[in-house]
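Numbering (my numbering) for the sequence shown: 64 to 1130.
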Amino acid sequence: MVRSDFAMKCSKCQSDNPAANKFCGNCGTKLPEGCPQCGAENPDGNKFCGQCGTPLNAGSVKAPAMETVTSDAPPAAPEQEAERRHLTVMFCDLAGSTALSEQLDPEDLKDVIGVFQELCAREIKTYGGYIARYMGDGILVYFGYPTAHEDDPERSVRAGLNIVTGVTGLEPRPGLELQVRVGIATGSVVAGDIIGEGASEEHAVLGVTPNLAARLQSLAPPNGLVISDATQRLCAGFFEFEDLGRRELKGIAEAQQAWRVTGESVAATRFEAASGQRLTPLVGRSEEIALLRNRWRQSVAGEGQIVVMSGEAGVGKSRIIEGFRQDLRADDHGYIYLACSPFHANSSLHPVVSCLERVLGYDNDDDAETRAAKLDNFIDDLGLNPEQITPFLGPLLFEPVDPRHAAPEGSPEELKRSVFEALLTMLLAQTERRPLLMIAEDIHWIDPSTEEFLGILIDRARALRLFLLMATRPDYRLPWSGQPHLTTLALNRLGRTDSADMIAKVTGGKTLPAEVMDQIISKTDGVPLFVEELTKTVIESGLVIEEGDGFKLDGPLPALAIPESLQDSLMARLDRLSPVKEVAQMAAVIGRSFDEELLAAIASMPADELRDALATLVDVELIYQRSLPPAARYEFKHAMVQEVAYESLLKSTRQRFHKEVAGALEKEFPAKAAAEPEIMGHHFTEAGIAGLAIPYWREAAARALKSWASAEAVNYLAKGLEVLDTVEASAERAADEVAMLIDLVSGLRILDRYDEALKNLDRAQKVAEAHEQIEELSLIHYYRGNIYFPMGNIEGCLEQHQRARELAHQANSPEKEARALSGLGDAYYLRGQMITANKMFDECVSIIRENELANIEAVNLSMRGHTALYMDRIKEGLNDCLVAAERAENSGNRRAEMVARGSCAGKLLFDSHDHAGAKEQCERALGLARQLGARRFEPINQVILAKVALLEGDRARAVEIAEEAVQTCRETGFNFAGPMALGALAVVTDKPQIRDAALDEGREALKQDCVSHNYLWFYRDALDAAAEAGNWEQLEKFAKAAEDYTRDEPLPWMDRIILAARERAPK
């Protein structure tokens, strides 16, 4: 081992040589490489030190005239801060240089290498490469840095082929033939000022790509060019290749696919369109617009229409929408626009909320009262009652300060349905006034709740004056297919004539040279975005200059390649926009849309300079300005524009900007930070500050769970847990992990994702047991019991709730014990063991009252009263139910009130022959169920109301109510109340055919797993129906079925009913 400032010893003659020498001064033999960083000797041909990875030959003699050879850049490479780039790296190495050093005098060898370098530099300059370093007989070249081109991989291969061809024609000395090896690789690197000022004369590049290019060069045969798999994909169609298979390469962990370039292809390549989407000049879309116009006319006539327009990124979906809107300017119609966002794919109803905020004219400084007033006024203008809508929509838009605007209590699913109904009511009111055009763009980024809402809207749209036009990419799985009023519209590419028309629109009517037009049209293959971008690139590159009414070439016409992706062309445009590029990059960290105020808070530049930079970005159409100062808001023209700018930043720079954004939001825009915890979680996550990210993810999830957005809550918690995995083990981390996993399970349970829920409970249990978190273990077993029940594991359900109770005792947690008892009560209730269930609920209520756990009293008190019914303790049970209803009403817990009045008190009043009281309670409960969107509870109340109607002498009304109950059960799930509703229909109808069909269907339905009240109430009504029909054989079968169901725990209520039915039979 030697350091770079020590002498090098010649392996042939053993003479000492200065470290800078490449050849022995005594005999001319090539000297081994010495690493300038660690001093290690490296074999001939190494481009990087095998000991430390430092590039070798850093001290080699440069060719000053060839330092920068980009064809369209200034002679000196600019100073640039390090950034991430998509780069193509070339290594050229003179083959057989060791033999040459033995054949030639060192000075003659120097001249030969100079001729070789001159040839290489000339070809590299032609194709816009940048010579980063001369390395003795080799050259390191970048394509795509410091200035990017839209076709850098192709340029590198063309230069390489020309170098190979040129070298074979060189004869620097009579009889001396030279050979070259070229290796090229493409990939992501970190490029720029990496080491620091004065540390290196070249722009350093770090990453696997340079090393891969060097190793591929060693694979190349003499006068051969070998490229990486990524480079080959980007150049496919331009060249012919020989597949060299996957090769193990020194210093590369995985085997790499290699390709040898054998020459140019006969036909020109056609690149596939890559990700990206921008508004482009509208041409060639008359047929599509005509179809949309036709569907619009149908919608105006009252036949609602849905069109889903799909197409690859860049094919012109947004521009068609804009053209169609312009076509409707003369039509009287309403307009709603929903914009889905990749940053809000898990933000519940984000497109809807954003739309409402725009429609309502909300300002950033509006307080809750102002926002509520604007919402109320809007609802009132639609002719609707704000009291029926604002409580459901208000919490989405502001933090309610007036109890009238607070969201009612209820399960997440019930509240979600109520919100959907409120939104649909508003839409319906608008369609009654005039036809409504509704646009939903980028639905491939749609959040689960908005997708569900649109599904409901689509189901109901057929009879509305509504035209819903949605735009998506082809890979989005459409969940609404098969609807007769839904049309799918797949967009095709443009023809030659339309492409030429688009080019003319981009150039402002100025004509391009015919050969430039031909290349643009042939290379873009009819993709509107590529036509536009490549045309702009040609104009901005200086390839053509304005002359009169058109452009002319300013030199030879090089090959124009279609960018593989929008990233390449936009990176080239960003490079030409320095220094405003940094502004675009900072804005990209904030998101697709950004406020000037927030950007100013993180940008280290005067306000005037920032505004000028933003104006420049607007002028070059990288961003749009959506509002005026002082509250100026901007938006990247497309998500891909923002992504390219963002991805170009170093991870460390991104982290710094994310930290600054999060800090600015907390300090200067606290209301926004509080309103969007998921955005704060995102910024702190990307900033690498787990301790601040996790609380925001938990808050976002808590809000989502509270407002029924379970899918979003699950996603937030998953992100939070990913962050938590980066935190070192500790008791605090364990506590966070268990709490987040339990919340995650709560959301998964609602989404019926039981296997995932159980897996996460197992993880939570393992952590909780390791840290002796007894109270949390009780909750884990409680949730597992709740999940086991719908999976049909009743014994497991009971076992888990029993274990939850034991742990609650151990932890001395009355609340957890009460929950466990509640779970046990539900399990026994669903099992039909009402006496045991009543005991569980009684113990639960006692603990609740002893420990003042009022928030969970009402529902358990009402269930104690309900189960008392089946023990024939009607007076006692009725008192419980009415007290529970009153307390739930006073506390605003509408769901608990609904259960107490209808499911519980109504039944008890009916059985005590207080039919008027039963009717009152069930009507109130039915109203609450509809207000909450809790449709599955509607039939429970309708069963009693149908029987009361029959007793009041209105059989027709009774049948109507019962049939409605059955239909609702079919729509919401038959196992909750279906057989019960069928039993009621059998009792109230006077048509034997309907009665028998209802009894037959109910009996079959009970063979499935149904909630216990179905068995008890169906058998009760079946006995009555059989007795009324005089079918005594059938009556006895139902009596025995009822006895069998209650055999393990006989119920006085059921025994009394069976006895009374049998006594009606003739002796």
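A virtual CB, placed ideally from N, CA and C, is assigned to each residue, including glycine.
{"Asked": "Helix, strand or coil at Ile-509 according to DSSP, with G and I counted as helix", "Found": "coil"}
{"Asked": "Cβ-based neighbour list, Glu-351, same chain, cut-off 6 Å, excluding 5 preceding and 5 following", "Found": "Ile-383"}
{"Asked": "Local Cβ density within 10 Å of Gly-572, reported as buried at 16 or more and exposed below that", "Found": "exposed"}
{"Asked": "Same chain, Cβ closer than 7 Å to Glu-311, neighbours up to 5 away in sequence not counted", "Found": "Ala-318"}
{"Asked": "Through-space distance from Cys-418 to Gly-191, alpha-carbon basis", "Found": "47 Å"}
{"Asked": "Alpha-carbon to alpha-carbon, Thr-679 and Glu-375", "Found": "29 Å"}
{"Asked": "Extent of the continuous beta strand (DSSP E) run through Cys-155", "Found": "146-157"}
{"Asked": "Option nearest Val-681 by Cα separation, candidates Ser-711, Ala-708, Ala-647", "Found": "Ala-647"}
{"Asked": "For Trp-322: DSSP bridge partner residues", "Found": "Ile-290, Asp-306"}
{"Asked": "Cβ-Cβ separation, Ala-831 to Glu-819 (assumed contact under 8 Å), whole Å", "Found": "Between Ala-831 and Glu-819 the Cβ distance is about 18 Å, and since that is not below 8 Å, they are no contact."}
{"Asked": "Identified DSSP bridge partners for Arg-696", "Found": "Asp-658, Ser-690"}
{"Asked": "Contact belief for His-38 with Arg-496 at Cβ below 8 Å, rounded distance in angstroms", "Found": "This structure cannot speak to residue 38, because the chain is shown only from 64 to 1130."}
{"Asked": "Distance between beta carbons of Lys-599 and Val-569, contact taken as under 8 Å", "Found": "6 Å"}
{"Asked": "Start and end residues, beta strand (DSSP E) containing Thr-249", "Found": "243-255"}
{"Asked": "Alpha-carbon to alpha-carbon, Asp-510 and Ala-772", "Found": "10 Å"}
{"Asked": "Three or more C-beta pairs below 8 Å linking the segment 347-366 and the segment 445-463", "Found": "no"}
{"Asked": "Assigned exposure category for Ala-1019 - 16 Cβ within 10 Å defines buried", "Found": "exposed"}
{"Asked": "Extent of the continuous beta strand (DSSP E) to which Gln-368 belongs", "Found": "368-373"}
{"Asked": "Within 9 Å, strictly: CB atoms of Val-590 and Val-378", "Found": "yes"}
{"Asked": "Contact check, Ala-1009 vs Val-1051, beta carbons under 9 Å", "Found": "yes"}
{"Asked": "Contact check, Val-324 vs Val-371, beta carbons under 9 Å", "Found": "no"}
{"Asked": "Segments assigned alpha helix (DSSP H), at least 4 residues, entirely inside the segment 700-738", "Found": "702-710, 714-731, 733-738"}
{"Asked": "Exposure of Ala-776, with buried meaning 16 or more beta-carbon neighbours within 10 Å", "Found": "buried"}
{"Asked": "Three-way DSSP call (helix, strand, coil) for Leu-412 in this model", "Found": "coil"}
{"Asked": "C-alpha distance - Ala-1124 paired with Ala-1090, whole-angstrom precision", "Found": "7 Å"}
{"Asked": "The alpha helix (DSSP H) enclosing Lys-615, as first and last residue numbers", "Found": "Element bounds for Lys-615: not the alpha helix (DSSP H) but the beta strand (DSSP E), 613-616."}
{"Asked": "Integer Cβ distance of Thr-249 from Thr-294, believed to fall under 8 Å", "Found": "4 Å"}
{"Asked": "According to DSSP, residues forming a beta bridge with Tyr-1135", "Found": "With the chain covering only 64 through 1130, there is no way to say anything about residue 1135."}
{"Asked": "Outcome for His-976 when other beta-carbon atoms lying within 10 angstroms are tallied against a minimum of 16", "Found": "exposed"}
{"Asked": "Sheet register partners of Phe-179 (DSSP bridge)", "Found": "Bridge partners of Phe-179: none, in fact."}
{"Asked": "DSSP beta-bridge partners of Met-198", "Found": "Gly-201"}
{"Asked": "Same chain, Cβ closer than 6 Å to Leu-637, five either side skipped, listed in chain order", "Found": "Lys-644"}
{"Asked": "Exposure label - Thr-560; buried when at least 16 CB within 10 Å", "Found": "exposed"}
{"Asked": "Asn-778, buried or exposed, once every other Cβ within 10 Å from all chains shown has been counted against 16", "Found": "buried"}
{"Asked": "Environment of Gln-546 [buried if 16+ CB atoms lie within 10 Å]", "Found": "exposed"}
{"Asked": "Cβ-based neighbour list, Asp-439, same chain, cut-off 8 Å, excluding 5 preceding and 5 following", "Found": "Pro-449, Thr-453"}
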